[in-house]
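Protein chains in written order, with the numbering used here: chain A, 74 to 171; chain B, 74 to 171.
From the three backbone atoms N, C-alpha and C, an ideal C-beta is built for every residue, glycine too.
Since this is a predicted model, take the numbers as computed values, not measurements.
Here's the structure, in structure tokens; my notes come after.
Number of protein chains: 2
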Amino acid sequence: MNETDAALICKALGDPNRLKIVKILADGEKCACVLLEAFQITQPTLSHHMKILCSCNLVQASKEGKWSHYTLNRRTFDEFISFITKTTTSPNDEKENC
Amino acid sequence: MNETDAALICKALGDPNRLKIVKILADGEKCACVLLEAFQITQPTLSHHMKILCSCNLVQASKEGKWSHYTLNRRTFDEFISFITKTTTSPNDEKENC
DNA sequence: ATAACATATAGATGATTGTCAATGCGTTGA
DNA sequence: TCAACGCATTGACAATCATCTATATGTTAT
Numbered sequence: 074m075n076e077t078d079a080a081l082i083c084k085a086l087g088d089p090n091r092l093k094i095v096k097i098l099a100d101g102e103k104c105a106c107v108l109l110e111a112f113q114i115t116q117p118t119l120s121h122h123m124k125i126l127c128s129c130n131l132v133q134a135s136k137e138g139k140w141s142h143y144t145l146n147r148r149t150f151d152e153f154i155s156f157i158t159k160t161t162t163s164p165n166d167e168k169e170n171c
Numbered sequence: 074m075n076e077t078d079a080a081l082i083c084k085a086l087g088d089p090n091r092l093k094i095v096k097i098l099a100d101g102e103k104c105a106c107v108l109l110e111a112f113q114i115t116q117p118t119l120s121h122h123m124k125i126l127c128s129c130n131l132v133q134a135s136k137e138g139k140w141s142h143y144t145l146n147r148r149t150f151d152e153f154i155s156f157i158t159k160t161t162t163s164p165n166d167e168k169e170n171c
């Protein structure tokens, strides 16, 4: 996990719908049809959001027949949390002031 | 801190430059001129980013004469961390599956 | 085979974003 | 008072984004 990865994840979580998707997935694996019910968006739009969440490795998809199942990737999430926490606690080298 | 606030903060952190600004501010208060040196952007662009970081309460600005000093608002940051951590650990009510 | 279903992809569109040059505004020092 | 300085604001522009409709792809059941 580096700054680029973290910024990508932040960007992914920066959309209210995607943040809510992550919240729902925190409850456990869900298929797209169940996720879709929780929103007022069309199926292609949901698919688009899932692709973004998967591309930053925050969510994992697995197909089972017709259904796509999505799970929250807790390892990525934990790494993200620890990265940004570290970012704000460990001082860096630039001590310069005005 | 609610989902809207958290999404706003994620959005603010979703830009690599802003994430780096936060990282630098973690070292302590900085003025705009020092921040500017760390980037390849123009002064108005930095000003724009600072406005976004301040508007979600992640950063606080204070003027002293000609200089604007910026500090990381650790309280907001901690609330943010605990919110998204809670989001992915506490199960919600929707237990429905396919 | 064929119809119904679940999801993904393509293409279009309006909104938002990051960036810059130009300019404005308040402060400091000569 | 006036010039220089630090920063904010404005307006413009290209790029990205969230969303939609239409369509394609793969799967299940008849």
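Query	Result
Along the beta strand (DSSP E) that carries Q133/B, what are the first and last residues, could you check?	V132 to E137
In chain B, which residues lie with their C-beta within 7 Å of the C-beta of A79/A?	L92
Who are the neighbours of V95/A on chain B, taking C-beta pairs under 8 Å?	T160 and T161
Report all residues from its chain with a CB closer than 7 Å to the CB of F112/B; omit the five preceding and five following residues, and keep chain order.	N90 and L119
In terms of residues, what are the limits of the alpha helix (DSSP H) holding T149/B?	R147 to T160
Could you tell me the alpha carbon to alpha carbon distance between F150/A and G138/B, rounded to whole angstroms?	42 Å
Does any CB atom of chain A fall closer than 7 Å to the CB of A99/B?	yes
Considering Cα atoms alone, identify which of I94/B, G87/B and A79/B is closest to K96/A.	A79/B
Taking C-beta pairs closer than 7 Å, name the residues in chain A that F112/B reaches, listed in chain order.	Here the premise fails: no neighbours, minimum Cβ distance about 12 Å.
State the DSSP-derived secondary structure class of T115/A, mapped to helix, strand or coil.	coil
According to the Cβ coordinates, are K84/A and G101/B closer than 7 Å?	no
Whose C-alpha, out of R147/B, C129/B, E152/B and K124/B, is nearest the C-alpha of S141/B?	K124/B
Over what stretch of residues does the alpha helix (DSSP H) that includes D78/B continue unbroken?	E76 to L86
Using the Cβ count rule (16 or more neighbours within 10 Å means buried), how would you classify T162/B?	exposed
Counting only C-beta atoms, is L119/B closer than 7 Å to chain A at any point?	no
When DSSP labels each residue in this structure, what does C18/A get in the three-state scheme?	Outside the shown range of chain A, which is 74 to 171, sits residue 18/A, and nothing can be said about it.
For a quick check, are the C-beta atoms of C129/A and L81/A less than 7 Å apart?	yes
To the nearest angstrom, report how far apart T115/A and T77/B are at their CA atoms.	21 Å
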